[in-house]
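**Q** Quick note on numbering: the sequence shown equals residues 634 to 817 in this note's numbering.
Virtual Cβ for every residue (Gly too), placed ideally from N, Cα, C.
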Amino acid sequence: MRLIVAAGALALACTPPAALAQGYPAKPIRIVIPFVAGGSSDIVGRAIGSKFQELLRQPAVVENRPGANGAIAAEFVAKSDADGYTILVGSIGVFSINAALFKDLRYQPLRDFAPITLAVTTPNVLIAKPTLSADSARELVELAKKNPGRLAYCSSGSGSSDHLTGEVFRQRDNFAAIHVPYKG
634 MRLIVAAGAL ALACTPPAAL AQGYPAKPIR IVIPFVAGGS SDIVGRAIGS KFQELLRQPA
694 VVENRPGANG AIAAEFVAKS DADGYTILVG SIGVFSINAA LFKDLRYQPL RDFAPITLAV
754 TTPNVLIAKP TLSADSAREL VELAKKNPGR LAYCSSGSGS SDHLTGEVFR QRDNFAAIHV
814 PYKG
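Below is the structure:
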């Protein structure tokens, strides 16, 4: 994790010479998190901010702007000055899934953003409490089919990659389950 955060900070520090000639960074850097405080994006954003402060000797202010699967934060950053002082900790939802979910998305990922680095990857995992009578994905599907609509799965929010993964799994194996979206 430290290596990934350091690589992201280094990528930002290696901005074009024109930006360096102006004394970048000359003011605090705003790191916008598109989800609630305490989630994985927030943890990553705060780690990046800490490393920015250490390497760039400039404050990094973390700002959470949750809502609409990250679209609120992405729109805010897209409308900010393109000066390197407002940075979005995005996700696959913000940059690809939202285009399919929202008709009136007020930002265009390819037009409005320039990638800095891939900071982390987060695999989806399938877990259940030990008392559930399923020791494999196959047994879980069989249990769900025998008890339609009685099992639930959670995600970090509607439209998130883990929500869509759950829906694909549910539809592919043809069983009913209740989606429980958390806020981040």
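1) Buried or exposed: residue 660, going by 16 or more other Cβ atoms within 10 Å of its Cβ?
2) Report the rounded CA-to-CA distance for residue 808 versus residue 782, giving the unit in angstroms.
3) What is the DSSP secondary structure of residue 693, counted as helix, strand or coil?
4) Just the Cα atoms here: how many angstroms apart are residue 657 and residue 811?
5) Can at least three beta-carbon pairs, one atom from the segment 685-704 and one from the segment 663-674, be found at a separation below 8 Å?
6) Over the uninterrupted beta strand (DSSP E) stretch that includes residue 663, give me the two end residues.
7) State the beta-bridge partners of residue 813 as determined by DSSP.
8) So for residue 749, helix, strand or coil by DSSP?
9) Just to confirm, is the Cβ distance from residue 731 to residue 702 under 7 Å?
10) Measure from the alpha carbon of residue 704 to the alpha carbon of each residue in 797, 813, 793, 677, then state which is nearest.
11) In whole angstroms, what separates the C-alpha of residue 586 from that of residue 719?
12) Using a 10 Å radius around the Cβ and a threshold of 16 neighbouring Cβ atoms, would you call residue 700 buried or exposed?
13) Please classify residue 790 as buried or exposed, where buried requires at least 16 other C-beta atoms within 10 Å of its C-beta.
14) Rounded C-beta distance between residue 753 and residue 786? I'm assuming under 8 Å.
15) Judging by CA-CA distance, which residue of 740, 788, 803 is the nearest neighbour of residue 628?
16) Please determine, among 707, 761, 801, the residue with the shortest C-alpha to C-alpha distance to residue 784.
17) In whole angstroms, what is the alpha-carbon distance linking residue 799 and residue 690?
18) Are the CB atoms of residue 767 and residue 773 within a distance shorter than 7 Å?
**A** To lay it out plainly:
1) exposed
2) So the two alpha carbons sit approximately 8 Å from each other.
3) Shown here, residue 693 sits in a strand according to DSSP, grouped into three states.
4) 49 Å
5) Yes, the segment 685-704 touches the segment 663-674.
6) 662-666
7) 787
8) coil
9) yes
10) 793
11) This structure does not reach residue 586, given that the chain is present from 634 up to 817, and the question cannot be answered.
12) exposed
13) buried
14) About 23 Å separates the two Cβ atoms, so there is no contact after all.
15) The structure shown has nothing for residue 628, since the chain only spans 634 to 817.
16) 761
17) 42 Å
18) yes
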